[in-house]
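Read in order, the letters of the sequence shown correspond to residues 1 to 300 in UniProt numbering.
C-beta: ideal position from N, C-alpha, C; glycine also.
Keep in mind the model is a prediction, meaning the values are calculated, not measured.
Everything on this sheet refers to the single structure shown next.
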Amino acid sequence: MHVFLPPHPGPIAASEFYGANIGQVLILGLPTAFITWYFSGYMLGKVLGRAIHVPVPELLSGGTRDSDPPKEPAKAGTVVAVMLIPMLLIFLNTGVSALISEKLVSADETWVQTAKMIGSTPVALLISVLAALLVLGRKRGESGSTLEKTVDGALAPVCSVILITGAGGMFGGVLRASGIGKALADSMADLGIPVLLGCFLAALALRIAQGSATVALTTAAALMAPAVAAAAFTDWQLACIVLATAAGSVGCSHFNDSGFWLVGRLLDMDVPTTLKTWTANQTLIALIGFALSALLFAIV
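This is the structure in structure tokens:
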């Protein structure tokens, strides 16, 4: 369900392509993700747990222990508080933008510009990283060299995410420059396909074809951006379209998805069992996520 919410790179990129407000995507994405988890995670898990027996792997049963556990594990409340920092900062940006649109404050005021700057997604995430290093690192007695190793170790996955997101955006840019986006928008209008459904189907098709949810979401958003722009949706409707595209990007995970193999190997499941569990879970996430985004689209 993480694909519905920033700071996942997919919804951030889709919000940029559609012109959606990140804070509004967060506001609508939180209940969408929770409801989707309840049905596709908790309820489906209970059903599959009764029908399919999967032994608990050694990794999860305590057979493998960390040889170098943390000296003083952080409290759960502290970890949650640090995780909430980027959301609160992004909400601050959204609130200030709403005040500006209602002409309750002037966009030229210093405090308004400062609030929008620290609430922008890159700055909010940077502040959150620095706060995490301070609260979860230095305040708990970690040395500078230890924190340096932690940061260095995080660079590899971060770089891969940037590369994947950038490649997806470039691919979408090529498609858009070729005129496919406009042609697709015209075809959808001729066939009477709603833009919300079109974005979902485009992301789902890309997900099935190449496997990566991030690439599917980023490319579909770039491809469908002309159709979305031509429809002149409200800000809240744009947030719903981001969620619908995100929903399509997770459906039907199968053999070309690295997550399919990762989950299967970690849980010691064979391919048929992984299809019955993981693929079913991802597809249900897509269907429920789209249904909720369509419902929100009709309400807002």
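- Task: Answer yes or no: the CB of Leu136 versus the heavy atoms of the ligand COA, is any distance below 7 Å?
- Result: Looking at this structure, you won't find the ligand COA or any other ligand, since it has none at all.
query = Does DSSP put Met269 in a helix, a strand or coil?
reply = Looking at Met269 - three-state DSSP - the assignment turns out to be coil, as it is neither helix nor strand.
Q. Between which two residues does the alpha helix (DSSP H) carrying Pro9 extend?
A. Pro9 -> alpha helix (DSSP H) spans 9-18.
Could you compute how far the alpha carbon of Met188 sits from the alpha carbon of Leu196? Distance between the alpha carbons of Met188 and Leu196: 11 Å.
query = Between which two residues does the alpha helix (DSSP H) containing Arg138 stretch?
reply = Premise fails: Arg138 is in no alpha helix (DSSP H) and is neither H nor E.
Original post:
So, Leu284 versus Phe34, is the Cβ gap smaller than 8 Å?
Top reply: With respect to Phe34, Leu284 sits apart: the two C-beta atoms are not nearer than 8 Å.
message = Give me, in chain order, the residues of the same chain whose beta-carbon lies closer than 6 Å to that of Phe91; leave out the 5 immediate sequence neighbours on both sides.
response = So the list reads Gly23, once near-sequence residues are dropped.
message = Using a Cβ distance threshold of 8 Å, determine whether the segment 262-279 contacts the segment 204-215, with at least three qualifying pairs required.
response = No, the segment 262-279 does not touch the segment 204-215.
Discussion item. Suppose contacts are defined by Cβ-Cβ distances below 8 Å. Is Asn256 in contact with Gln210 by that definition?
Written reply: Annotated as proximal: Asn256 and Gln210, with beta-carbon spacing under 8 Å.
| Distance, Cα to Cα, Thr36 vs Gly289? | Approximately 6 Å, taken between the alpha carbons.
- Query: Is the segment 47-55 touching the segment 95-111 in the sense that three or more CB pairs, one from each, lie closer than 8 Å?
  - Reply: Contact between the segment 95-111 and the segment 47-55 is absent: fewer than 3 CB-CB pairs across the two stretches fall below 8 Å.
Exercise. In terms of residues, what are the limits of the alpha helix (DSSP H) holding Ala286?
Worked result: 280-299 is the span of the alpha helix (DSSP H), which, as asked, contains Ala286.
Would you say residue 301 and Pro7 are within 8 Å of each other, going by their C-beta atoms? Summary: the structure shown does not reach residue 301, with the chain confined to residues 1 through 300, and so no result is reported for it.
Item checked: His254 versus Lys276, Ala225, Ala124, Pro226, residue with shortest Cα-Cα distance -> Here the closest residue by C-alpha is Lys276.
* Does the distance from the CB of Ala225 to the CB of Tyr42 come in under 8 Å? -> Pairing Ala225 with Tyr42 gives a Cβ-Cβ distance that is not under 8 Å.
- prompt: Out of curiosity, what's the CA-to-CA distance linking Arg140 and Ala74?
  reply: Their backbone Cα atoms lie some 8 Å apart in a straight line.
Practice prompt. Answer yes or no: do Asp235 and Asn93 have a C-beta to C-beta separation smaller than 8 Å?
Written response: At a Cβ-Cβ threshold of 8 Å, Asp235 and Asn93 do not count as neighbours.
In the DSSP assignment, the alpha helix (DSSP H) including Ser120 goes from what residue to what residue?
It is not in any alpha helix (DSSP H) - Ser120 carries neither H nor E in the DSSP assignment.
Do Leu217 and Ser293 count as a contact pair if the criterion is CB distance below 8 Å? Contact: no.
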